[in-house]
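Structure record follows, encoded as structure tokens.
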Amino acid sequence: MALGLLYRIYERNLLQGLDKDRFPRHIGIVLDGHRRYAREEGLSSYTESYRVGMARFEEFLGWANELEIPAVTAWVLSRENLARPAEELEPYFDVLVELFGRLPEECAEFDMGIRFIGSLDLLPDRLVAAAKAAEEAQPSGARRLNIAMGYGGRQEIVDAARDLVEKLMTETTDPAAVAARIDAEALAAHMYSSDLPDPDLLIRTSGESRLSGFLLWQSAYAEFVFVDVNWPAFRRVDFLRALRDFTTRSRRYGK
0 MALGLLYRIY
10 ERNLLQGLDK
20 DRFPRHIGIV
30 LDGHRRYARE
40 EGLSSYTESY
50 RVGMARFEEF
60 LGWANELEIP
70 AVTAWVLSRE
80 NLARPAEELE
90 PYFDVLVELF
100 GRLPEECAEF
110 DMGIRFIGSL
120 DLLPDRLVAA
130 AKAAEEAQPS
140 GARRLNIAMG
150 YGGRQEIVDA
160 ARDLVEKLMT
170 ETTDPAAVAA
180 RIDAEALAAH
190 MYSSDLPDPD
200 LLIRTSGESR
210 LSGFLLWQSA
220 YAEFVFVDVN
230 WPAFRRVDFL
240 RALRDFTTRS
250 RRYGK
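Position 228 of the sequence shown, counting from 1, maps to 227 under numbering that gives the first Met the number 0, and the rest follow consecutively.
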């Protein structure tokens, strides 16, 4: 009880000290540490930690909405994760399907459109169907939620390059002319979320100090915050601390 009160006071003081004019326009977040959380908490199955984590994700969207963050990209499943045993993946797929059923109503309340990015063709039909239903139910809004699923940053760059070359080849078949029109700006226009600004802030939980390929192209000038807690234990105070760190940094572009 007393600890909860202290955290609320601390959160309020953190929030009051934030420079809202320096808030990120786009936050990328890696929801990492579900299995570690299950082991540390002695949970009977990973399914329990997945459900706690997705409930925390819904809370996080509420926190971002309160602070009027325009865009969030959340990495819930990587391409590499798909190599895990079925007994680990299937319960997670079940929890994601449940989440996607709830998200449209919640995102409508936040005026937040939903979009899924990644190699959805690698995923089970039931998961893809749930994702598409969520996207169709809440396609647009003043804010954006991207859910990266079956996602890999290298693959995104490969897909963008292929799309760009295919487009250019409809206009000319001269290899030199095609090559001359491939530059950073042209390639950026073919990334999965080219209509959004690049993320200003990337947050990863569970104590891992690496991106693992998350938004490789877009993160060139992003600020990184690595948080020690596992995702299901991520608190509003952790989010506010990450924002405090971000707003007090002197951002440099180039080096």
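Positions of the beta carbon are idealized from the N, C-alpha and C atoms, including for glycine.
Query - P198 beta carbon less than 8 Å from that of T46 - result: No, the Cβ-Cβ distance between T46 and P198 is not below 8 Å.
Query raised in the report: Residues in its own chain within less than 7 Å of H189 by CB, not counting five upstream and five downstream?
Result: A159, D162, L163, listed in sequence order.
Query raised in the report: Whose C-beta lies closer than 7 Å to the C-beta of G149 among residues of the same chain, with five residues either side of it excluded?
Result: Once the five neighbours on either side are set aside, the close Cβ partners of G149 are L76, R78, L81, G117, S118, L119, L121, L122.
Requested in this report: Have a look at L42, L66, H33 and flag the residue whose alpha-carbon is nearest the alpha-carbon of L88.
Outcome: Check the Cα spacing between L88 and each of L42, L66, H33: the tightest is with H33.
Requested in this report: Would you mind stating whether L215 and I156 have Cβ atoms separated by less than 8 Å?
Outcome: Contact: yes.
Query raised in the report: Buried or exposed: where does G152 fall if 16 or more other Cβ atoms within 10 Å of its Cβ makes it buried?
Result: Under this definition G152 is a buried residue.
Query raised in the report: What is the residue span of the alpha helix (DSSP H) that I156 lies within?
Result: Note, I156: alpha helix (DSSP H), 152–168.
**Report entry** Span of the alpha helix (DSSP H) around D236
**Finding:** Looking at the sequence shown, residue 236 is not Asp but Val. Counting along the chain, the unbroken alpha helix (DSSP H) around V236 starts and ends at 235–247.
Query - Simplified DSSP state of R142, which is helix, strand or coil - result: Reduced to three states, the DSSP call for R142 is strand.
Report task. Give the range of the beta strand (DSSP E) segment to which V96 is assigned. Result -> Here V96 belongs to no beta strand (DSSP E); instead the alpha helix (DSSP H) covers 85–108.
Query raised in the report: So, is G52 buried or exposed, given that buried needs 16 or more other C-beta atoms within 10 angstroms?
Result: Classification of G52: buried, given that the 10 Å Cβ count is 16 or more.
Requested in this report: Confirm, please, whether the CB-CB distance from R55 to W230 is below 8 Å.
Outcome: Yes, these two residues count as a Cβ contact at 8 Å.
Requested in this report: Pair every Cβ in the stretch 235–253 with every Cβ in the stretch 169–178, then say whether three or more of these pairs are closer than 8 Å.
Outcome: As far as the Cβ criterion goes, the stretch 235–253 does not touch the stretch 169–178, which means the pair count is below three.
Query raised in the report: Is there contact between the stretch 132–141 and the stretch 93–102, where contact requires at least three CB pairs shorter than 8 Å?
Result: When Cβ pairs closer than 8 Å are counted between the two stretches, the stretch 132–141 is seen to touch the stretch 93–102, the count reaching three or more.
Query raised in the report: What three-state label does DSSP hand S192 in the structure shown?
Result: The answer is coil: DSSP assigns S192 none of H, G, I, E or B.
Requested in this report: Give the straight-line distance between the Cα atoms of F22 and S48, rounded to the nearest whole angstrom.
Outcome: So the alpha carbons of these two residues sit roughly 30 Å apart.
Report task. Would you list the residues sitting across from L200 in a DSSP beta bridge? Result -> Per DSSP, the beta bridge partners of L200 are I26, E222.
Report task. Keeping to the same chain, check which residues put their C-beta closer than 7 Å to that of L186; ignore five residues upstream and five downstream. Result -> Cβ within range, chain order: A159, A160, L163.
Query raised in the report: Where does G206 fall in DSSP's three states?
Result: DSSP places G206 in the coil class of the three-state scheme, outside both helix and strand.
Requested in this report: Answer with buried or exposed for T247, where buried requires no fewer than 16 other C-beta atoms within 10 angstroms of its C-beta.
Outcome: Residue environment for T247: exposed (fewer than 16 other C-beta atoms within 10 angstroms of its C-beta).
Query - N-terminal and C-terminal residue of the alpha helix (DSSP H) that A232 is part of - result: From DSSP, A232 is part of no alpha helix (DSSP H); its letter is neither H nor E.
Report task. Note down, in chain order, each residue of its chain lying with its Cβ closer than 7 Å to the Cβ of D110, except the 5 sequence neighbours on either side. Result -> Cβ within range, chain order: G140, A141, R142.
Requested in this report: Indicate, with yes or no, if the ligand SAH has a heavy atom lying under 7 Å from the CB of E10.
Outcome: Judged by which ligands are present, the structure shown has none, so any question about the ligand SAH falls away.
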